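Okay, so the sequence shown: first residue is 10 according to this note's numbering, each after it adds one.
Here a beta-carbon is modelled for each residue, glycine too, at the ideal position from N, C-alpha and C.
Here the structure is a predicted model, which is why all the values come from computation and not from measurement.
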Amino acid sequence: MNYSSFYRPVALPFLTIILYASTAPAQELRPKSAARQIAQGAETPCENPTGDQSTASSFRLAQLPALNTTNETSTRMSFGLPEFAPAYITFGTSPDNLNTTGSKENSSKYKIHNQTLSNLVKGQRYYFSIRSGKDYASMSRLYSFVHPGASGQAEVNLEKVDPTPKKPVTETPPPPTATTITLPTPTPGVGAGEITSSAGKIFVAVGGSGDGTSVNSPLGNIQRALDIAQPGQIVFVKAGNYGDQPLKFPRDGKSGKPIVLEGYRNAPGDSPSYSKFDHTSSINSSLMPLLDGGSRSHQGMAVGMYRKYIALKNFQITNFRHAVYGYGPSNVTVDNVVAVGIGDPNKTYNGHGIHFGGNAKKMLVRNSTVINATAEAITFSGTNSILEFNKVYCDDNSQEMNSNTDYYFILSGSYDNIVRNNYIERVGNLRHGGHGFSVKRNNERNLFEHNTAVNIGGGGYVVRWQGTKNNIFRNNKAIRGSGILARDGAEGNLFENMTIQDTRRGIWIADTGEDSTNTTKKASIRNTFRNITMKNVSVGIEYDSYAGRTESHSENDIFDNITIDGAPTMFIVGHHTKNITFKNSKIKNVSTWATPEGARNLGEFDIKTSNNVVEDRKFSIP
């Protein structure tokens, strides 16, 4: 069954919503900003604090609660939640004193829960919130309604609870200095320049029955050609469908003498380009050789690259669990490879597009496209490498979470790499929000520049976990989705000269509890955001109490030369902050300076401001 209708954005003109039945359109479970965000039908990224992909919940209501009055003293409530999301209601006559009523466990997708609230008084306003997620850890925005009794209709209001903020603490350490990071220059080996012809060539074509010594006497089996190839040789493969023919390089090349597997269209070396290939295109075996596993259920690998001084160029791959995979390689090039429909959408977290791990070194991945990988599109763990001019798309919502790409571009345990001029896009309102250009687990001195992320709900540019530090993100763009995300103790990273437009959050900061080593519950520490331009965002900067983790904290972040035009609020504050600097910035078309998340108190918002301008004077910066 397709539940995409639950996630269709709906424009709601007022904050007060009158509900008659249980068929209202979807809204966010935790819409923490102003009414504008709620009206836009903003979605929450599908995120799982425990990292257990098999039990991820999206923390979203399948629909708004609907209330039906059953008699003078009771009201029946209906609401829906996705799978793996237990739920209960906190309920009472005051937003400050909500008691738990009725526990409900989910056992199927979008199960509708029904609760009867009894002993109500006609005309009394009641407040309620819906908790969901693993261990009931996530809390919705506060709702309220007036009980009308047997006659009349129940009125549901989204409530904005603003306790009187306390004055910020004034005795704090001096403002932190801006982050300065020096990066080495990667020097990938084979393939860093153009692959040139070598002394020997081996030729392959569909249906070939020759000895592979010439175009007119090709082999018919690519693996046979690789088995023969020696350092310094190129295996030329003519365009055509080679079917389910998994490949592995059986030996290393040598420095200056790589083993190259290269496709061509009409003549060896013609290098057909797929530079315009995107999610609307179709693979075409007449343009480049195609490896086709035959079915998305195929659990094998198309090309294994575990060696040194080897290269793969001009190939198409579809219907494998892994398109290109290597562990511990070095001096490897992947150039102009197109991978479409990778992984089984009927399995959980199954497919990988281009994946290199085991401390891969001096790699070059460029000009390649991955479409609809069911887990990770481009994954890299290693050093001294360049990943450039690649594209990633996902538009497959057929099996919802299972068919959606989770990580579009991720570096894990990586140092001294450059990721530049790449484009990623989550196409449409997919169930999973997706993660964009991400560094996770012990990453240092990586440079991300001139990249574009479109509609990535889990952050277009992400630093996450302790040990992720001293990375630079500069001259990048985020359009729709969410902009920058710093989380789970990432420290000392620099974001500069970036553009963020039409996103839910411009800069999003959270501790999700995913990093088990982050025992002190750090969110963002000493990260610098400099020369950032934001336009039409639902919140400029959010310190999120992710899944109710109000005990989390952030310290010593710097926001310098932020230009923002259009947002209900500049800051949403949901966890502890200390010694935050906000300076040299211009604010326009922003309604409020800072809003507490739920019942948080802005007294815990410790921020130093200087040399900022509110151009339309809608508020004054404290």
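Supposed contact pair residue j and residue i - C-beta distance, whole angstroms, cut 8 angstroms
{"i": "N570", "j": "N593", "result": "5 angstroms"}
{"i": "N381", "j": "G350", "result": "5 angstroms"}
{"i": "V347", "j": "Y283", "result": "5 angstroms"}
{"i": "S394", "j": "N368", "result": "About 11 angstroms; that fails the 8 angstroms criterion."}
{"i": "R450", "j": "G467", "result": "That pair is no contact at about 16 angstroms."}
{"i": "G362", "j": "V374", "result": "Not quite, the Cβ-Cβ distance comes to about 10 angstroms (not below 8 angstroms), so this is no contact."}
{"i": "V472", "j": "N480", "result": "6 angstroms"}
{"i": "G490", "j": "I465", "result": "4 angstroms"}
{"i": "V244", "j": "A238", "result": "5 angstroms"}
{"i": "I658", "j": "T461", "result": "The requested residue 658 is not part of the displayed model; the chain covers only 10 to 631."}
{"i": "Y358", "j": "D415", "result": "7 angstroms"}
{"i": "A320", "j": "L270", "result": "7 angstroms"}
Residue i - containing alpha helix (DSSP H), residue span
{"i": "D574", "result": "Not the alpha helix (DSSP H): D574 falls in the beta strand (DSSP E), residues 567–582."}
{"i": "L235", "result": "231–237"}
Any chain C beta carbon closer than 8 angstroms to residue i
{"i": "N593", "result": "Of the chains in the structure shown, none is chain C; there is only one protein chain."}
Same chain only: Cβ atoms within 6 angstroms of residue i, ignoring 5 sequence neighbours per side
{"i": "D553", "result": "A519, G583"}
{"i": "F568", "result": "F538, F591"}
{"i": "I509", "result": "A487, G492, G515, M543"}
{"i": "E458", "result": "R429, R483, N484"}
{"i": "E397", "result": "R375, R429, N430"}
{"i": "D566", "result": "S533, N536, I589"}
{"i": "V224", "result": "F212"}
{"i": "Y555", "result": "A519, T521"}
{"i": "I190", "result": "N479, I481, L503"}
{"i": "N545", "result": "D511, G575"}
{"i": "K263", "result": "P240, Y318"}
{"i": "T477", "result": "V448, N452, A499"}
{"i": "K257", "result": "G313"}
N-terminal and C-terminal residue of the beta strand (DSSP E) that residue i is part of
{"i": "E505", "result": "503–510"}
{"i": "P605", "result": "595–605"}
{"i": "G219", "result": "Taken as a continuous stretch (DSSP letters only), G219 belongs to no beta strand (DSSP E), as it is neither H nor E."}
{"i": "T156", "result": "Looking at the sequence provided, one finds His at residue 156 rather than Thr. No beta strand (DSSP E) contains H156, which DSSP labels as neither H nor E."}
{"i": "G209", "result": "209–213"}
{"i": "E271", "result": "268–273"}
{"i": "R375", "result": "373–375"}
{"i": "R489", "result": "486–490"}
{"i": "T586", "result": "585–592"}
{"i": "H364", "result": "361–370"}
{"i": "K356", "result": "It is not in any beta strand (DSSP E) - K356 carries neither H nor E in the DSSP assignment."}
{"i": "V7", "result": "The requested residue 7 does not occur in the structure, where the chain is confined to residues 10 to 631."}
{"i": "E564", "result": "562–564"}
Those residues which DSSP pairs with residue i across a bridge
{"i": "A382", "result": "I351"}
{"i": "D553", "result": "A519"}
{"i": "S533", "result": "A499"}
{"i": "I616", "result": "I589"}
{"i": "R85", "result": "N77, T125"}
{"i": "V622", "result": "K595"}
{"i": "D279", "result": "For D279, which the question treats as bridged, DSSP gives no partner whatsoever."}
{"i": "D253", "result": "Note: D253 sits in no beta bridge, so no partner."}
{"i": "G262", "result": "Bridge partners of G262: none, in fact."}
{"i": "F389", "result": "F365, L420"}
{"i": "L559", "result": "One detail in the question is off: residue 559 reads as Thr in this sequence, not Leu. Answer is none; T559 lacks a bridge partner."}
{"i": "I493", "result": "Y470, I516"}
{"i": "D344", "result": "K322, R375"}
{"i": "I541", "result": "M507, I571"}
{"i": "G548", "result": "Here residue 548 is Val; the residue named in the question, Gly, does not match the sequence. Answer is R514, bridged to V548."}
Contacts around residue i, its chain only, beta-carbon distance under 7 angstroms, and the 5 residues preceding and following it disregarded
{"i": "N128", "result": "T82"}
{"i": "S407", "result": "P354"}
{"i": "Q46", "result": "Residue confidence for Q46 is low, a pLDDT of 25 falling below 50, so the modelled location carries little weight and cannot support an answer."}
{"i": "N620", "result": "K592, N593"}
{"i": "P255", "result": "G309, M310, A311"}
{"i": "M297", "result": "A248, G272, R274, P281, N323, F324, Q325"}
{"i": "K595", "result": "T572, V622, E624"}
{"i": "E505", "result": "R483, R539, N540"}
{"i": "A201", "result": "Only weak support exists for where A201 lies, its pLDDT of 43 falling under 50; the coordinates are left without a value."}
Proximity test, residue i beta-carbon vs the ligand COA heavy atom, cut-off 7 angstroms
{"i": "G469", "result": "Looking at this structure, you won't find the ligand COA or any other ligand, since it has none at all."}
Nonlocal neighbours in the same chain, by C-beta distance under 8 angstroms from residue i, ignoring five residues either side
{"i": "D625", "result": "K597, N598"}
{"i": "S286", "result": "It should be pointed out that residue 286 corresponds to Phe in this sequence rather than to Ser. The answer, listed in chain order, is V347, T378, K400."}
{"i": "D220", "result": "S226, L228"}
{"i": "E714", "result": "There is no way to answer for residue 714, as the model of the chain reaches only from 10 to 631."}
**Request:** May I have a chain-ordered list of the beta strand (DSSP E) segments no shorter than 3 residues that lie completely inside the segment 455–480?
**Result:** 456–458, 461–465, 470–473
**Item:** 3-residue-minimum beta strand (DSSP E) runs that sit fully inside the segment 295–339, ordered along the chain
**Value:** 298–301, 310–313, 317–327, 331–336
**Request:** May I have a chain-ordered list of the beta strand (DSSP E) segments no shorter than 3 residues that lie completely inside the segment 394–459?
**Result:** 395–397, 400–403, 416–421, 427–429, 432–435, 444–449, 456–458
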